[in-house]
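So the structure is just underneath, and the comments pick up after that.
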Amino acid sequence: MLRQTLHEFRISTRGRGLYEFTQQVVGWVANSGIRDGLVTLHLRHTSASLVIQENADPDVRRDLEAFFTRLVPDGDPLFIHTAEGEDDMSAHIRTALTAVNLSIPVHQGVLGLGTWQGVYLWEHRSSPHSRKVMAHLLGE
Amino acid sequence: MLRQTLHEFRISTRGRGLYEFTQQVVGWVANSGIRDGLVTLHLRHTSASLVIQENADPDVRRDLEAFFTRLVPDGDPLFIHTAEGEDDMSAHIRTALTAVNLSIPVHQGVLGLGTWQGVYLWEHRSSPHSRKVMAHLLGE
Amino acid sequence: MLRQTLHEFRISTRGRGLYEFTQQVVGWVANSGIRDGLVTLHLRHTSASLVIQENADPDVRRDLEAFFTRLVPDGDPLFIHTAEGEDDMSAHIRTALTAVNLSIPVHQGVLGLGTWQGVYLWEHRSSPHSRKVMAHLLGE
Numbered sequence: 014m015l016r017q018t019l020h021e022f023r024i025s026t027r028g029r030g031l032y033e034f035t036q037q038v039v040g041w042v043a044n045s046g047i048r049d050g051l052v053t054l055h056l057r058h059t060s061a062s063l064v065i066q067e068n069a070d071p072d073v074r075r076d077l078e079a080f081f082t083r084l085v086p087d088g089d090p091l092f093i094h095t096a097e098g099e100d101d102m103s104a105h106i107r108t109a110l111t112a113v114n115l116s117i118p119v120h121q122g123v124l125g126l127g128t129w130q131g132v133y134l135w136e137h138r139s140s141p142h143s144r145k146v147m148a149h150l151l152g153e
Numbered sequence: 014m015l016r017q018t019l020h021e022f023r024i025s026t027r028g029r030g031l032y033e034f035t036q037q038v039v040g041w042v043a044n045s046g047i048r049d050g051l052v053t054l055h056l057r058h059t060s061a062s063l064v065i066q067e068n069a070d071p072d073v074r075r076d077l078e079a080f081f082t083r084l085v086p087d088g089d090p091l092f093i094h095t096a097e098g099e100d101d102m103s104a105h106i107r108t109a110l111t112a113v114n115l116s117i118p119v120h121q122g123v124l125g126l127g128t129w130q131g132v133y134l135w136e137h138r139s140s141p142h143s144r145k146v147m148a149h150l151l152g153e
Numbered sequence: 014m015l016r017q018t019l020h021e022f023r024i025s026t027r028g029r030g031l032y033e034f035t036q037q038v039v040g041w042v043a044n045s046g047i048r049d050g051l052v053t054l055h056l057r058h059t060s061a062s063l064v065i066q067e068n069a070d071p072d073v074r075r076d077l078e079a080f081f082t083r084l085v086p087d088g089d090p091l092f093i094h095t096a097e098g099e100d101d102m103s104a105h106i107r108t109a110l111t112a113v114n115l116s117i118p119v120h121q122g123v124l125g126l127g128t129w130q131g132v133y134l135w136e137h138r139s140s141p142h143s144r145k146v147m148a149h150l151l152g153e
């Protein structure tokens, strides 16, 4: 019979960049005893993102960061929301351009990621933060 | 035992901008009697988006709009799909750059939004529209 | 009583562009016997996307492709991840700017897409690929 469980992941960040937490999600699913179902992740912040990206070559994450830094300049004179620093409005825009939700099926006890996929929290602020990800697991 | 319920939200827009409907979602979840579970929202249009953004300072929404207006120019000479007006193709691109789906866990009767998160329909067309959001709630 | 089913769609691509697979999803839902519920799709790759876009005028897809080609230039000198070709890092960035997950409610046996919405795999690599989409269907 179908059942569900909820969890909260905490991820500490040390400035901009992609922080992988695939193994935390894998471990939580394994411990749940659920073999087939669906994991949904929701990030409770508006200046960071959840993304699935390549976890093989770290240059991919470096290039993602470099591209977004150029696309969404910190301290852009266009911005009027500047009270929280030059990286704040750019962080909100990076969040809008990416995502705060992910949904990944689970099949035979295995998270349905592709060979090169990892689950990342993408921190868009320059200073360290403690980020919370709510997780919902449905299945049997 | 797990159960589900479906609903459709209607949101009237008066031109470009972010329209918050967090309280409508909160009210629907409260009325359902479901205390723990998952809300999924799907926007039935290709020229508007669903986003979770900061609901504290309205300047954030103003800056989001300003940034996307510059990033995706209306009437860009690159576009050949122009029959429905200068803001039509740019609206489709804004939709591709953002999202039409959101998923938010519910815990102890409370929608799992962060302190500063609100649920928004982002209208990308200049003229008023009536937008439909299909909602699915799973839980117990 | 609620139940779930899992499936994998395979989509063959012949270079960049949007490949519609709405009818495959519609057929799978119809065959499941589930009348009300939620479909979730997850793409198992980091150089392609899942998007919901207009399925009426093919010019919309052409303009989407043209805009993303200009926004994320192949072989950008900014990139250091270049070993897999000029279109590889741009493909990862296009994926980050769009999505790899979609969630669509099902109501009375009908997928809850709007009138003009189609479900697309967006291939970001120039060469042909075989892409896998994991699908989860919950409902009754």
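Residue numbers (my numbering), protein chains in the order written: chain A, 14 to 153; chain B, 14 to 153; chain C, 14 to 153. A virtual CB, placed ideally from N, CA and C, is assigned to each residue, including glycine. Values in this document were obtained by computation on a predicted structure and should not be read as measured data.
Sequence-distant residues of its chain with Cβ nearer than 6 Å to residue i (five each side left out)
i, result
"T35(A)", "G131, V132"
"G122(A)", "R48"
"L31(A)", "R74, Y133, W135"
"A104(B)", "S60, H137, R138"
"V146(A)", "F22, L54, L56"
"P118(A)", "L51, G125"
"E67(C)", "V73, W129"
"R27(C)", "P141"
"F92(B)", "M102"
Sequence-distant residues of the same chain with beta carbon closer than 7 Å to residue i, five excluded per side
i, result
"T111(A)", "S62, V64, W135"
"I106(B)", "V85"
"T108(C)", "T59, S60, A61, S62, H137"
"H120(A)", "D49"
"L150(A)", "Q17, T18, V42, S45, I47, G50, V52"
"R83(A)", "none"
"F81(C)", "R107"
"A69(A)", "W129"
Residue-level contact to chain C via CB, residue i, 8 Å cutoff
i, result
"Q17(B)", "yes"
"R75(A)", "yes"
"H94(B)", "yes"
"A69(B)", "no"
"I65(A)", "yes"
"T82(B)", "no"
"A61(B)", "no"
Distance between beta carbons of residue j and residue i, contact taken as under 8 Å
i, j, result
"L51(A)", "G127(A)", "Contact flag wrong, Cβ pair sits at about 16 Å."
"N114(C)", "L115(A)", "6 Å"
"S25(B)", "S143(B)", "6 Å"
Neighbour flag for residue i against chain B, beta carbons, 8 Å
i, result
"A112(C)", "yes"
"W129(C)", "yes"
"F22(C)", "no"
"E97(C)", "no"
"S140(A)", "no"
"I117(C)", "yes"
"H55(C)", "no"
"L51(C)", "yes"
According to DSSP, residues forming a beta bridge with residue i
i, result
"P141(B)", "R27(B)"
"V123(A)", "H120(A)"
"F34(C)", "The partner list for F34(C) (beta bridge, DSSP) is empty, contrary to what the question assumes."
"L54(B)", "L115(B), A148(B)"
"A61(A)", "E136(A)"
"H94(C)", "In the DSSP output, where bridge partners are listed per residue, H94(C) has none listed."
"G131(B)", "Q66(B)"
"H20(C)", "A148(C)"
CB contact below 8 Å: residue i versus chain A
i, result
"D89(B)", "no"
"A104(B)", "no"
"A79(B)", "yes"
"T26(C)", "no"
"H137(C)", "no"
"L151(C)", "yes"
"H120(B)", "yes"
"G125(B)", "yes"
"D101(B)", "no"
"A109(C)", "yes"
Close-in-space but distant-in-sequence residues of the same chain around residue i (CB under 8 Å, 5 per side omitted)
i, result
"D101(C)", "S60, H94, T95, R138"
"A148(B)", "L19, H20, E21, F22, V38, W41, V52, T53, L54, H55"
"E99(B)", "D87, G88"
"V79(B)", "Here residue 79(B) turns out to be Ala, not Val, going by the sequence shown. If we look at A79(B) and ignore the five residues flanking it on each side, it has no Cβ neighbours."
Take every Cβ of the segment 54-61 of chain C, pair it with every Cβ of the segment 75-89 of chain A, and state whether three or more of those distances are shorter than 8 Å.
With a cut-off of 8 Å, the segment 75-89 of chain A and the segment 54-61 of chain C do not count as touching, because too few Cβ pairs lie within range.
The segment 16-26 of chain C touching the segment 29-43 of chain B, judged by at least three CB pairs closer than 8 Å
By the C-beta criterion, the segment 16-26 of chain C is judged not to be in contact with the segment 29-43 of chain B, since fewer than 3 inter-stretch pairs fall below 8 Å.
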